[in-house]
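Undergrad: For the record, the sequence lines run as chains A and B.
Position 255 of the first sequence, counted from 1, bears residue number 255 in our numbering, the numbering being contiguous throughout.
Take any residue in the second sequence, count from 1 to its spot, add 1000: that is its number in our numbering.
Every residue gets a Cβ at the ideal spot worked out from N, C-alpha and C, and that includes glycine.
Protein chains: 2
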Amino acid sequence: MMKIGILGYGNLGKGVEKAVQSSPDMELTAVFTRRDPAGVQIAAPGAKVLRADELGHMQGDIDVLILCGGSATDLPEMTPKYAAGYNVVDSFDTHARIPEHFAAVDAAAKGAGKVAVISCGWDPGLFSLSRLYAHSVLPGGSDYTFWGRGVSQGHSDAIRRIDGVLDARQYTVPVPDAVERVRRGENPTLTTREKHTRECYVVAAEDADKARIEKEIKEMPNYFADYDTTVTFITAQEMKEKHQGLPHGGSVIYSGSTGDKKHVIEYSLKLDSNPEFTGSVLTACARAAYRMNSEGMSGAKTMFDIAPAWLSPLSGEEIRAHML
Amino acid sequence: MMKIGILGYGNLGKGVEKAVQSSPDMELTAVFTRRDPAGVQIAAPGAKVLRADELGHMQGDIDVLILCGGSATDLPEMTPKYAAGYNVVDSFDTHARIPEHFAAVDAAAKGAGKVAVISCGWDPGLFSLSRLYAHSVLPGGSDYTFWGRGVSQGHSDAIRRIDGVLDARQYTVPVPDAVERVRRGENPTLTTREKHTRECYVVAAEDADKARIEKEIKEMPNYFADYDTTVTFITAQEMKEKHQGLPHGGSVIYSGSTGDKKHVIEYSLKLDSNPEFTGSVLTACARAAYRMNSEGMSGAKTMFDIAPAWLSPLSGEEIRAHML
Chain A
1 MMKIGILGYG NLGKGVEKAV QSSPDMELTA VFTRRDPAGV QIAAPGAKVL RADELGHMQG
61 DIDVLILCGG SATDLPEMTP KYAAGYNVVD SFDTHARIPE HFAAVDAAAK GAGKVAVISC
121 GWDPGLFSLS RLYAHSVLPG GSDYTFWGRG VSQGHSDAIR RIDGVLDARQ YTVPVPDAVE
181 RVRRGENPTL TTREKHTREC YVVAAEDADK ARIEKEIKEM PNYFADYDTT VTFITAQEMK
241 EKHQGLPHGG SVIYSGSTGD KKHVIEYSLK LDSNPEFTGS VLTACARAAY RMNSEGMSGA
301 KTMFDIAPAW LSPLSGEEIR AHML
Chain B
1001 MMKIGILGYG NLGKGVEKAV QSSPDMELTA VFTRRDPAGV QIAAPGAKVL RADELGHMQG
1061 DIDVLILCGG SATDLPEMTP KYAAGYNVVD SFDTHARIPE HFAAVDAAAK GAGKVAVISC
1121 GWDPGLFSLS RLYAHSVLPG GSDYTFWGRG VSQGHSDAIR RIDGVLDARQ YTVPVPDAVE
1181 RVRRGENPTL TTREKHTREC YVVAAEDADK ARIEKEIKEM PNYFADYDTT VTFITAQEMK
1241 EKHQGLPHGG SVIYSGSTGD KKHVIEYSLK LDSNPEFTGS VLTACARAAY RMNSEGMSGA
1301 KTMFDIAPAW LSPLSGEEIR AHML
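In structure tokens form, the structure reads like this:
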């Protein structure tokens, strides 16, 4: 049995916990938290809740530590720190900073003889794999990534910071016509606005100026200004009834050719729960990290470096017999 | 530059040749044939056409030999034979015989310190990967594979063997309602008949009994009896105008869950040319075979054993920067 630790017990940590519990070859040793452990109730029977600083001396009790912090401030510090003592997995998704994150983690993990798999999940993660397989098989084509329909937590948070907003949920929605054009292999040039629309559901304070809130949302740079955005004001009750889930998904569509012959490759996900699915991917990557380290590997890795067989709890014979 | 050899110059061999020509890191040394080389005209400038038995002494001239024979009789003999002297790649697709093929190839390749990647292509191949990733991330779900709309060469050949048939083309077509039910995550139990239909286009001899031909097709065991099959008689001219391509494709749809949350993963291909796309996959696998062997690996492998990064001509830094 692989002994797993989880650091951080938000939505993602809970998703990892669920995935570890349904993995026949893993057991959850402990959830580590920066909060007071007495106030953290976990779902897994038999696992402990411990302070994060207990990780200073638990290298012998944990085979892989799954880091469930945020990419903005947690992981750039956490991943190199813990890779110096544990095999680790993270979901670092700040694209522009991946090279420096990779370098910092690589140095720490190599120094400790551990494996650190960074940027696991579905994008980056399974979507990245889909892009890499397609580009490798058909060089010279174009990949298009569409996200949604799904909740963007970053955009929802941005709306919540507006004065007079009590709660908000933002859905990213691919433009159907754009998806169809890509699927037909037309290879279109698409602007940001042509690829996705943004739907915002907002609970406003009773006395708030809704016109001002709508304007502030629609004009917010980076988040909304470049998109066709719709704002719908709803009651707190409606928010509770219709918008509590965190569904997401999307597709990577690759359009390539061999001479005059066109080929279209599409990989798509429709997820009822983004954090639970992402947690499942991290858990499969933890299995691979453990095996890679057992075979003598060390350093920073991504899903690009993981032979797919290492992700499965089944043997080579079994996967060849049932999935090949 | 990786030096590539191709054994067999049918549709698949021609597809591999095209893919090697568009690979910046490869050069085609020679096409090997069991026919008289004088009668074989290849497309790649600079490459030789040689008798297959020249492979007895060309181990120093070829880094990877891509085997483009058929699964029924060629590959079971060819792959172990040539794996004893070369890194090789094949597209062996007789599912039930994969374990024995793997074992025979593994022994030969290990003995020679070479890497032999078997069963490359899209199914088995990319579709197998899609099944493995899905099962690894969400254990306990169900995968469904739909083929088509596309030409099945085996079924076309079976029709051609009927008395009075001059030419035939058979399209395998997924049943749209079945695909939709799987996509919605309904997890249906589907019979063979409920998953695919078969469309046959037949050129009959002038004096042939068309009713008898249609009956023979529709009642042919294994090939057509278990399917809703339509037979359309066309002229040789129509066959030439409308059915000369070898398009294919299909999708793997996986339906899994985390507790009460459903997740659907879909991987699909729409290919203008089945042999050219399959040849492209074999070529990417040849790159991986060469690299794995350069790192000291040997023995039989499948795409399950290939870290995705090994398939790409780009460096780790490049793929992390552009595809992660």
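1. Check the Cβ-Cβ distances between P1308(B) and every residue of chain A, and say whether any is below 7 Å.
2. Which of helix, strand or coil does DSSP assign to N1087(B)?
3. Among the residues of its own chain, which have a CB less than 7 Å from the CB of F277(A), if the five just before and after it don't count?
4. Is there contact here, the region 1214–1233 of chain B with the region 1243–1250 of chain B, by at least three beta-carbon pairs under 8 Å?
5. For G259(A), which residues in chain B fall below 8 Å Cβ to Cβ?
6. Could you list which residues in chain B have their beta carbon closer than 9 Å to that of H196(A), in chain order?
7. For the candidate residues E180(A), L138(A), V202(A), whose alpha-carbon lies nearest to that of E194(A)?
8. Can you tell me where the alpha helix (DSSP H) with V1105(B) in it begins and where it stops?
9. Within the chosen definition, does the region 92–106 of chain A reach the region 250–257 of chain A through at least 3 CB pairs nearer than 8 Å?
10. Can you find a C-beta in chain B that's less than 7 Å from the C-beta of V137(A)?
11. Tell me where the beta strand (DSSP E) around L196(A) begins and ends.
12. Have a look at A204(A), E186(A), P313(A) and flag the residue whose alpha-carbon is nearest the alpha-carbon of K261(A).
13. Opposite I265(A) in the DSSP bridges: which residues?
14. Might you give, ordered along the chain, the residues of its own chain that have their beta carbon closer than 7 Å to the beta carbon of S312(A), omitting 5 neighbours on each side?
15. For a test of the three-state rule: what should DSSP assign to I1306(B), helix, strand or coil?
16. At a CB distance below 9 Å, what residues from the region 1011–1045 of chain B approach chain A? Give them in sequence order.
17. Find the nearest neighbour of R1034(B) within the set L1050(B), L1028(B), K1240(B), E1027(B), judged by alpha-carbon distance.
18. Tell me, which residues are paired with E276(A) by DSSP?
19. Count the other CB atoms within 10 Å of the CB of K1114(B); is the residue buried (16 or more) or exposed (fewer)?
20. DSSP beta-bridge partners for M2(A)?
21. Go ahead and label K14(A) buried or exposed: buried means 16 or more other beta carbons lie within 10 angstroms of its beta carbon, across all protein chains shown.
22. Between V1031(B) and K1048(B), what straight-line distance do the alpha-carbon atoms span, to the nearest angstrom?
23. Helix, strand or coil, according to DSSP, for S130(A) in the structure here?
24. Would you call M1292(B) buried or exposed, if buried means 16 or more other Cβ atoms sit within 10 Å of its Cβ?
25. Report buried or exposed for G60(A), applying the criterion of at least 16 other Cβ atoms within 10 angstroms of its Cβ.
26. Does the region 158–168 of chain A come close enough to the region 115–135 of chain A to have 3 or more Cβ pairs within less than 8 Å?
27. Of all Cβ atoms in chain B, is any one closer than 7 Å to the Cβ of E180(A)?
28. Should L282(A) and V89(A) be called a contact, given that it needs their Cβ atoms to be closer than 7 Å?
29. Sort T1029(B), A1116(B), F1224(B) by Cα distance to S1152(B) and report the nearest one.
30. Can you pull the chain A neighbours of E1266(B), defined as C-beta to C-beta under 7 Å?
31. Give the straight-line distance between the Cα atoms of L67(A) and S91(A), rounded to the nearest whole angstrom.
32. Pull up the CB-CB distance for S1128(B) and E266(A), whole angstroms please, since I reckon it's below 8 Å.
33. Is G316(A) near the ligand NAP, going by C-beta to nearest heavy atom under 6 Å?
34. List the whole-angstrom C-beta distance separating V20(A) from I42(A), where the pair is believed to meet the contact cut-off of C-beta under 8 Å.
35. Please work out which residues of its chain come closer than 8 Å, Cβ to Cβ, to R131(A), disregarding the five sequence neighbours upstream and downstream, and give them in chain order.
36. Could you give the distance in angstroms between the alpha-carbon of A288(A) and the alpha-carbon of I306(A)?
TA: On the basis of the data shown:
1. yes
2. strand
3. W122, L271
4. A contact is defined here as three or more CB-CB pairs under 8 Å, and the region 1214–1233 of chain B fails this definition with respect to the region 1243–1250 of chain B.
5. Residues of chain B passing the Cβ test: K1018, E1276.
6. In chain order: nothing, as chain B lies at least about 20 Å away.
7. Closest option to E194(A), Cα to Cα, is E180(A).
8. In the DSSP annotation of this structure, the continuous segment of the alpha helix (DSSP H) that includes V1105(B) starts and ends at 1098–1112.
9. no
10. yes
11. At residue 196(A) the sequence reads His, which differs from the Leu that was named. 196–204 is the extent of the beta strand (DSSP E) around H196(A).
12. Of the listed residues, the one whose Cα sits closest to K261(A) is E186(A).
13. Y254(A), L1269(B)
14. I319
15. coil
16. G1015, K1018, A1019, S1022, S1023, P1024
17. L1050(B)
18. In DSSP, E276(A) forms no bridge with anything.
19. K1114(B) is buried by the Cβ-count criterion.
20. M26(A)
21. So K14(A) ends up on the buried side.
22. 6 Å
23. helix
24. buried
25. exposed
26. no
27. no
28. yes
29. Checking every option, the nearest Cα to that of S1152(B) belongs to F1224(B).
30. S268
31. 8 Å
32. About 17 Å; that fails the 8 Å criterion.
33. This structure lacks the ligand NAP; in fact it carries no ligand of any kind.
34. Between I42(A) and V20(A) the Cβ distance is about 11 Å, and since that is not below 8 Å, they are no contact.
35. D143, T145, V252, Y254
36. 7 Å
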